[in-house]
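Residue numbers (the working numbering): 747 to 1088.
Put into C-alpha cells, the structure is as follows:
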C-alpha cells in the first residue's frame, strides 16, 4: 500500500543523515545529532504536554477533593474534573501528538538506514560492527531509557486517585517490553535513535516535572516542589475557549448522563410494574378470602375486618352480639326466680 509522502519523508531523513555523516565522519554520530535535531523541532509540541503533566501534579489535591465529594458518582466526578481542567487550562490528551509524530519518523529512519547500507557498511558504534544489522544488546538499553522516561512522566502514587489513570499508567509500563520486541530484529541504527530520543525526553521531563513516580521506587530522590497554580482568567466579555478534546469530553459526558437517566427511568418503570403486580396479587388473596368466608369487604377501608364503614364491622358486631336462644334462656331463669320469691 502506497502512503502519500512516505518516500519523500524517507528521502528527507536520508539526506539529513548524509549531511551529518559528512560533518562527523560517523554514521552513529550522525544518527545521534539527527535525533537531537528532531527532538528540538518537536519541542513546541512536547513542552505543552510536559506543562500539562506538571499542572496535573499541582492540582492533585483538588482532584482528591472532587473524588471525596462525589464518591462513586462517575458522571459528577468527570464533569467537575473537566471543569477544573478547563479552569486551569489543562489538556490531558496533549501528550498523544508528539508520540504520533515520532513513530513514523522512527520507521522512516529505519528505512533510510537500510537504504544507506545497500552495498556498503554504514559503520558501527562500540561493540556494534554494522548499524544496519540487528543488535541484541542495544534494545535492552533502549528499553531501559524508555522505562526511565515513562516512570518520570507518571505521577507519584500518592497523587493518583483516578482508577483509569492507574490502569493507564500500568499500560504505559508495557512500552519498554515493546521496545525490546520491536528492536530485536530491526537495524541497530533505528534502535539507537529510540535510545537517544528516550534519554532526551527524560532530561526534558526532569527539568519540568522532576523525577515523577521514580520517587516511589527510590525514596532518596528529591521531590520537585511546585508553586501554587493560578486559574486562567478569561478576558472580559469573552467566554473561556474550549479545546477540541474538551469538546469531545463534554459530548462523551453528555452521552453518559443520558444513559444514566435512561437507566433510572427503566428502573422506575420496573419498580412501578412490580408494585402493581403486588397490589393485584393482594386483591386476589382478599377476593379468595371473601369467597370462603362469605364476608364482603370494601376497598376504601383497605379490606380490613371491623374497619368503620365496612360490612366487616357489622359482621364482627354480629359475632359479638348474643344469639336469640341465649336471650330466651336468661328470660326463663329470671321468671322462675320471681315465682319462687312469691
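All C-beta atoms, glycine included, are put in the ideal place defined by N, C-alpha and C.
Spatial distance of residue i from residue j (CA atoms)
i	j	result
residue 754	residue 856	14 Å
residue 829	residue 771	54 Å
residue 919	residue 902	14 Å
residue 831	residue 810	14 Å
residue 882	residue 927	10 Å
residue 1066	residue 1017	Low per-residue confidence applies at residue 1066: pLDDT is 48, beneath 50, and the placement is therefore not dependable enough to give any value.
residue 945	residue 861	26 Å
residue 798	residue 961	20 Å
residue 765	residue 773	10 Å
residue 887	residue 827	38 Å
residue 782	residue 938	12 Å
residue 824	residue 929	39 Å
residue 751	residue 761	15 Å
residue 814	residue 900	22 Å
residue 834	residue 969	22 Å
residue 777	residue 806	39 Å
residue 1014	residue 966	56 Å
residue 1004	residue 819	14 Å
residue 894	residue 1012	49 Å
residue 941	residue 889	8 Å
residue 924	residue 931	12 Å
residue 817	residue 917	25 Å
residue 876	residue 769	19 Å
residue 947	residue 808	28 Å
residue 880	residue 794	35 Å
residue 775	residue 957	28 Å
residue 852	residue 1001	38 Å
Burial state of residue i (16 or more Cβ within 10 Å)
i	result
residue 759	buried
residue 1055	Any answer about residue 1055 is weak, because its pLDDT of 46 lies below 50 and its placement is not dependable; what the coordinates show is given next. The residue in question, residue 1055, is exposed, as its Cβ has fewer than 16 Cβ neighbours within 10 Å.
residue 792	buried
residue 898	buried
residue 740	With the chain represented from 747 up to 1088, any question about residue 740 goes unanswered, as that position is not in the structure.
residue 963	exposed
residue 885	buried
residue 949	exposed
residue 812	buried
residue 779	buried
residue 858	buried
residue 1008	exposed
residue 933	buried
residue 951	buried
residue 767	buried
Test item: CB-CB of residue i and residue j under 8 Å
i	j	result
residue 785	residue 943	yes
residue 896	residue 796	no
residue 892	residue 922	yes
residue 935	residue 878	yes
residue 972	residue 804	yes
residue 788	residue 847	yes
residue 801	residue 836	yes
residue 1006	residue 821	yes
Continuous alpha helix (DSSP H) stretch holding residue i: start and end
i	result
residue 804	789 to 804
residue 897	884 to 899
residue 821	820 to 834
residue 1149	Residue coverage of the chain in this structure runs from 747 to 1088, which leaves residue 1149 outside it and unanswerable.
residue 964	It is not in any alpha helix (DSSP H) - residue 964 carries neither H nor E in the DSSP assignment.
residue 756	752 to 770
residue 972	Taken as a continuous stretch (DSSP letters only), residue 972 belongs to no alpha helix (DSSP H), as it is neither H nor E.
residue 940	934 to 955
Residue i Cβ short of 7 Å to the ligand MN heavy atom set
i	result
residue 804	Among the components of this structure there are no ligands whatsoever, and the ligand MN is therefore not found.
Residue-chain proximity (residue i, chain C), Cβ-Cβ < 8 Å
i	result
residue 835	Although the question refers to chain C, the structure presented lacks it and comprises just one protein chain.
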